[in-house]
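Each residue of the sequence shown is one higher than the one before, counting from 1 in my numbering. We put the CB at the ideal spot given by N, CA and C, even for glycine. These notes are about the structure you will find just below.
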Amino acid sequence: MKIGALKETLDGEARVAITPGSSAHLQKLGHEVHIESGAGARAGFSDAAYEAAGVTIHPSAKALTEAVDVVAKVRPPEDAEIKRMHDGQTLISYFYPAQNAELLEAARAQGITAIAMDMVPRISRAQKMDALSSMANIAGYRAVIEAANNFGRFFTGQVTAAGKVPPAKVLIVGAGVAGLAAIGAATSLGAQVYAFDVRPEVAEQIESMGAEFVYLDFEETQQDGAATGGYAAPSSPEFREKQLEKFRELAPDMDIVITTALIPGRDAPLLWTKDMVEAMKPGSVIVDLAAEKGGNVELTQPDEKIVTDNGVTIIGYTDFPSRMAAQSSELYGNNIRHFLTDLTPAKDGQINQNMEDDVIRGATVAHDGDITFPPPPPKVA
Ligand code: NAD
């Protein structure tokens with residue numbers, strides 16, 4: 001099959017879905033690889049680098065789409081990108097089908113197969129295709145780097161001839177994939193790290209990474225927020241009150257706060273209120289990784305960095321993976337080529353859209369003129 005990556009159209013999106021490295025793997029599966037000219041430029045991959053890897057370059061999105069069987073991209077497609085495709089072609093990208101009913105209908109009407117990388121089931125076998133995790137890992141790391149860059153002090157404690165410096169105190173709220181990556185980055189920079197999550201099972205992981213789990217004084221300690229499938233559920237008002245009380249107590253003492261708390265299918269919970277920001281020391285930094293979903297911090301402005309009257313910097317960027325476009329393109333490119341490996345079981349360049357396969361079925365949101373979202377639950381864990 002012919003597989004091609006489009007240049008991303010969203011302003012500021014620097015990632016690309018196929019890299020010269022991943023194209024080599026796709027070719028070993030028997031596929032031909034194509035890209036739109038300039039698709040990798042903002043991630044540091046020139047057309048010449050693709051050509052050297054045996055990739056065919058097309059001058060426009062239209063030419064690329066006409067030339068291939070499978071179109072790969074990062075961000076959810078625009079309506080025009082779907083309309084350019086035809087019956088029998090496959091699109092692989094982020095899709096967020098629950099939030100994009102019109103796009104889903106457009107994919108169905110166009111007769112294409114749409115594979116949503118954000119819908120890959122989070123089961124062990126599919127970890128290598130799990131773009132949500134690979135990108136959350138980068139976002140968590142980058143959040144710490146942005147915080148450090150905006151913080152006027154060391155993260156690590158030091159005893160120097162010029163004076164003793166205490167370590168920075170960092171609080172991570174939400175210890176899923178991004179939060180754990182942030183804990184890893186902040187502890188390796190030498191900070192004193194605290195972390196909180198509503199899921200009690202993460203306490204051990206937090207502590208094994210050298211951070212301190214923040215416990216609440218709550219009778220059914222932490223149990224409240226755990227839901228099925230490893231995800232969080234909304235907290236009860238009593239639990240939330242205890243949580244906010246604890247954060248109010250911690251706010252004056254924390255130099256850096258990184259919030260990553262999300263609940264699938266809902267707006268992000270509001271956890272860091274205006275009065276907590278006002279209680280923080282001047283020079284403190286907050287990074288709100290939930291900004292795109294409404295934010296965990298009351299004062300966050302999505303896509304902006306603001307400094308409050310009391311000197312607290314609040315970062316609400318929503319493009320953390322794109323800020324490390326070379327790295328994230330490589331990992332996203334690997335997620336896609338692993339997916340295509342499963343779609344090409346005989347390694348003969350032929351795609352087998354096996355809807356009996358949990359992972360393929362889970363990620364396929366439109367196929368054969370039907371909307372195939374939501375999928376049935378996977379049969380195995
Ligand atoms: P997520 O991005 O949906 O949420 C981030 C974190 O916020 C979660 O840890 C959640 O518990 C936490 N949170 C929600 N409400 C909160 C609140 N009020 N206060 C504090 N924290 C709050 O999560 P994610 O990173 O996508 O991971 C979700 C789960 O999926 C985890 O259990 C993870 O281990 C699991 N997972 C499994 C696989 C796999 O098996 N392949 C891969 C990735 C993740």
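Taking 6 Å as the cut-off, is the beta-carbon of residue i closer than that to any non-hydrogen atom of the ligand NAD?
i: leucine 250; result: no
i: aspartate 357; result: no
i: valine 70; result: no
i: isoleucine 263; result: yes
i: alanine 175; result: yes
i: alanine 291; result: no
i: aspartate 288; result: no
i: arginine 122; result: yes
i: serine 133; result: yes
i: glutamine 127; result: yes
i: proline 269; result: yes
i: serine 328; result: no
i: threonine 260; result: yes
i: serine 235; result: yes
i: arginine 199; result: yes
i: alanine 63; result: no
i: tyrosine 141; result: no
i: alanine 67; result: no
i: tyrosine 194; result: no
i: aspartate 130; result: yes
i: alanine 136; result: yes
i: alanine 232; result: yes
Whose CA, out of the options, lies closest to the CA of residue i?
i: valine 297; options: Gly316, Val16, Ser284; result: Gly316
i: glycine 54; options: Ile35, Gly283, Tyr231, Ala39; result: Ile35
i: proline 321; options: Val257, Tyr96, Val144, Pro121; result: Val144
i: valine 16; options: Val74, Thr318, Ile206; result: Val74
i: valine 177; options: Leu262, Ala107, Phe155; result: Leu262
i: phenylalanine 151; options: Gly283, Phe373, Gly38; result: Gly283
i: valine 28; options: Arg42, Thr9, Met1; result: The residue asked about is misnamed: residue 28 is lysine in this sequence, not valine. Taking only the C-alpha atoms, the option nearest lysine 28 is Met1.
i: valine 170; options: Thr160, Ala147, Lys7, Leu91; result: Ala147
i: methionine 324; options: Ala52, Gly140, Glu356; result: Gly140
i: alanine 175; options: Leu64, Val198, Gln192; result: Val198
i: phenylalanine 247; options: Leu271, Phe239, Leu26, Ser60; result: Leu271
i: proline 302; options: Asp319, Tyr94, Asp309; result: Asp319
i: alanine 232; options: Pro264, Leu132, Asn352, Tyr50; result: Pro264
i: aspartate 275; options: Leu250, Lys293, Asp288, Thr260; result: Leu250
i: serine 22; options: Ala72, Gly12, His58; result: Ala72
i: proline 121; options: Asp368, Ala366, Gly369, Arg361; result: Arg361
i: proline 20; options: Glu13, Ala14, Ala52, Ser37; result: Ala52
i: alanine 182; options: Ala106, Gln205, Ile57, Lys347; result: Gln205
i: threonine 260; options: Gly311, Ala136, Glu278, Asn310; result: Ala136
i: valine 244; options: Gln99, Asp217, Ala39, Val285; result: In the sequence under discussion, the amino acid at residue 244 is leucine, which differs from the valine named in the question. Leucine 244 has its Cα closest to that of Asp217, out of Gln99, Asp217, Ala39, Val285.
i: phenylalanine 339; options: Ala39, Ile18, Asp267, Ser236; result: Ile18
i: glycine 369; options: Gln99, Pro375, Arg108, Ala41; result: Arg108
i: proline 77; options: Asp69, Asn335, Leu104; result: Leu104
i: threonine 113; options: Leu343, Asn335, Leu189; result: Leu343
i: glycine 157; options: Lys293, Glu66, Leu189; result: Leu189
i: alanine 106; options: Asp118, Met85, Ile92, Met119; result: Met85
i: proline 59; options: Phe239, Ala48, Gly38, Gly295; result: Gly38
i: isoleucine 256; options: Phe155, Lys128, Glu356, Arg266; result: Phe155
Given a threshold of 16 other Cβ atoms within 10 Å of its Cβ, counted over all protein chains shown, does residue i qualify as buried or as exposed?
i: aspartate 358; result: buried
i: isoleucine 382; result: Given a span of 1 to 381 for the chain in the structure shown, any question on residue 382 remains unanswerable.
i: serine 134; result: buried
i: asparagine 354; result: exposed
i: alanine 80; result: exposed
i: valine 165; result: exposed
i: threonine 9; result: exposed
i: glutamate 330; result: buried
i: tyrosine 194; result: buried
i: glutamine 222; result: With a pLDDT of 48 at glutamine 222, under the threshold of 50, the modelled position of that residue is not reliable, and the figure given next carries that caveat. With 16 or more other Cβ atoms within 10 Å, it is buried.
i: aspartate 253; result: exposed
i: glutamine 89; result: buried
i: serine 328; result: buried
i: phenylalanine 373; result: buried
i: asparagine 310; result: exposed
i: glycine 12; result: exposed
i: valine 159; result: exposed
i: serine 208; result: exposed
i: alanine 48; result: exposed
i: glycine 4; result: buried
i: glutamine 192; result: buried
At a cut-off of 6 Å, is residue i close to the ligand MN when judged by its beta-carbon and the heavy atoms of the ligand?
i: tyrosine 94; result: In terms of ligand content, the structure shown lacks the ligand MN and carries the ligand NAD instead.
Quiz item: In the region 162-213, which residue ranges form an unbroken beta strand (DSSP E) of at least 3 residues, counting only runs that do not cross its ends?
Solution: Taking only runs of at least 3 residues, the beta strand (DSSP E) segments lying wholly in the region 162-213 are 163-165, 169-173, 192-196.
Quiz item: Counting only runs that start and end within the region 309-368, where is the beta strand (DSSP E) found for 3 or more residues in a row?
Solution: 313-315, 364-367
Quiz item: Which runs of the alpha helix (DSSP H) spanning at least 4 residues fall entirely within the region 14-70, listed in chain order?
Solution: Taking 4 residues as the shortest admissible run, the region 14-70 contains the following complete alpha helix (DSSP H) segments, listed from N- to C-terminal end: 20-28, 47-52, 61-67.
Practice problem: Counting only runs of 3+ residues fully inside the region 86-165, write out the beta strand (DSSP E) ranges in chain order. | Solution: DSSP runs (the beta strand (DSSP E)) wholly in the region 86-165: 90-93, 113-116, 158-160, 163-165.
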